[in-house]
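The sequence shown begins at 1 in UniProt numbering and counts up by one.
In this text, a Cβ means the ideal position worked out from N, Cα and C, and glycines have one as well.
Here the structure is a predicted model, which means the values were calculated and not measured.
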Amino acid sequence: MTNDAMKIPQATAKRLPLYYRFLLNLHSSGKQRVSSAELSEAVKVDSATIRRDFSYFGALGKKGYGYNVNYLLSFFRKTLDQDELTKVALIGVGNLGTAFLNYNFSKNNNTKIEIAFDVDADKVGTQIGDVPVYHMDDLDKVVVEQDIQVAILTVPSAVAQPITDRLVQANIKGILNFTPARLNVPPSIRIHHIDLAVELQSLIYFLKHYPTDSDSEE
């Protein structure tokens with residue numbers, strides 16, 4: 001993101017890719033303008049929140065007119081650095097890792113898994129979803145050589161921290177952690193934890209205790 005975008009609230013920043021994806025769909029369908037109410041219905045975020053999110057970037061729309069789709073698309077493409085490719089490394093080619101390799105963020109033109117790592121001799125030296133799989137022993141060297149800045153971690157929890165330490169030494173800037181382990185990294189490293197078991201438990205809790213609340217979490 002741009003420096004200005006970095007100053008916005010984190011909750012807003014997390015919603016920007018959602019807005020961008022919907023705007024891409026609108027552009028593809030030939031739609032020229034969209035209201036905050038239409039955006040709200042599509043992305044399941046209330047209109048007031050959308051208007052507040054957009055207000056951080058100045059006057060993106062006009063009252064009574066809505067938002068120009070092409071202008072918004074161009075603006076968010078620049079804000080989200082969509083014209084710059086971000087190369088990603090996948091660490092751990094198990095069931096979840098293999099699914100990531102086969103999907104490889106096909107709807108995100110600026111994000112691509114370039115390399116993967118594992119210790120399984122049957123996988124090392126092969127390609128999965130056109131992504132080469134290297135041995136974990138080569139992690140440090142290959143990540144540096146290919147100037148990888150982001151890693152997805154789908155390894156057993158017991159080895160998550162040692163592998164993270166190696167990624168830090170290899171100058172990784174961001175980690176998407178799919179292990180239950182809570183990892184220690186320097187303040188300069190951005191890490192997002194996605195624990196699928198916790199998310200599922202949270203969903204079940206809300207189903208039981210808030211059965212009439214149909215609004216998605218912002």
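Would residue i and residue j be called neighbours here (beta carbons separated by less than 8 Å)?
i: Val155; j: Ile91; result: yes
i: Thr111; j: Phe117; result: no
i: His27; j: Asn70; result: yes
i: Leu39; j: Leu73; result: no
i: Pro132; j: Ile148; result: no
i: Ile189; j: Leu153; result: no
i: Ser36; j: Ser29; result: no
i: Asp137; j: Gln169; result: no
Give me the Cα-Cα distance between residue i and residue j, rounded to the nearest whole angstrom.
i: Asp130; j: Pro211; result: 43 Å
i: Tyr205; j: Ala151; result: 31 Å
i: Ile113; j: Glu41; result: 32 Å
i: Ala13; j: Val142; result: 31 Å
i: Asn184; j: Ser202; result: 24 Å
i: Ile163; j: His209; result: 39 Å
i: Arg33; j: Asp81; result: 23 Å
i: Asn171; j: Val144; result: 7 Å
i: Leu101; j: His135; result: 16 Å
i: Arg51; j: Leu18; result: 14 Å
i: Phe54; j: Tyr20; result: 12 Å
i: Tyr103; j: Gly66; result: 34 Å
i: Asp215; j: Leu207; result: Residue confidence for Asp215 is low, a pLDDT of 49 falling below 50, so the modelled location carries little weight and cannot support an answer.
i: Ala121; j: Asn95; result: 16 Å
i: Val119; j: Phe76; result: 39 Å
i: Gln161; j: Tyr56; result: 37 Å
i: Asp165; j: Leu200; result: 28 Å
i: Val159; j: Ala11; result: 30 Å
i: Ser157; j: Gly125; result: 24 Å
i: Leu60; j: Lys173; result: 31 Å
i: Gly58; j: Lys31; result: 23 Å
i: Thr2; j: Ala99; result: Note that Thr2 scores a pLDDT of 42, beneath 50, so its modelled location is shaky and nothing firm can be said.
Pick from the options: whose alpha carbon is nearest that of residue i?
i: Lys44; options: Phe22, Ile148, Arg33; result: Phe22
i: Leu16; options: His27, Lys78, Gly66, Asn68; result: Lys78
i: Thr49; options: Pro9, Leu139, Ala197, Gly97; result: Pro9
i: His192; options: Val198, Pro186, Phe178, Leu200; result: Phe178
i: Ala181; options: Ser188, Ile189, Ala197; result: Ala197
i: Pro186; options: Leu18, Leu167, Ser35; result: Leu167
i: Gly97; options: Phe75, Gln127, Phe76, Arg51; result: Gln127
i: Leu85; options: Leu200, Ala158, Glu199, Gln146; result: Gln146
Answer yes or no: does any C-beta atom of chain C fall closer than 8 Å to that of residue i?
i: Arg166; result: No chain C is part of this structure, which consists of one protein chain only.
Is residue i near the ligand FAD, going by C-beta to nearest heavy atom under 7 Å?
i: Tyr71; result: The ligand content of the structure shown is nil, which means the ligand FAD is not present either.
List the whole-angstrom C-beta distance separating residue i from residue j, where the pair is believed to meet the contact cut-off of C-beta under 8 Å.
i: Val93; j: Lys123; result: 5 Å
Considering only residues of the region 35-84, which uninterrupted alpha helix (DSSP H) runs meet the minimum length of 4 residues and lie entirely inside it, listed in chain order?
Entirely contained in the region 35-84, the alpha helix (DSSP H) runs reaching 4 residues are, in chain order, 36-43, 47-55, 69-79.
What ranges does the beta strand (DSSP E) occupy inside the UniProt domain "CoA-binding" (81-182), keeping only unbroken runs of at least 3 residues that lie completely in it?
Listed in chain order, they are 86-91, 111-118, 131-135, 150-153, 174-177.
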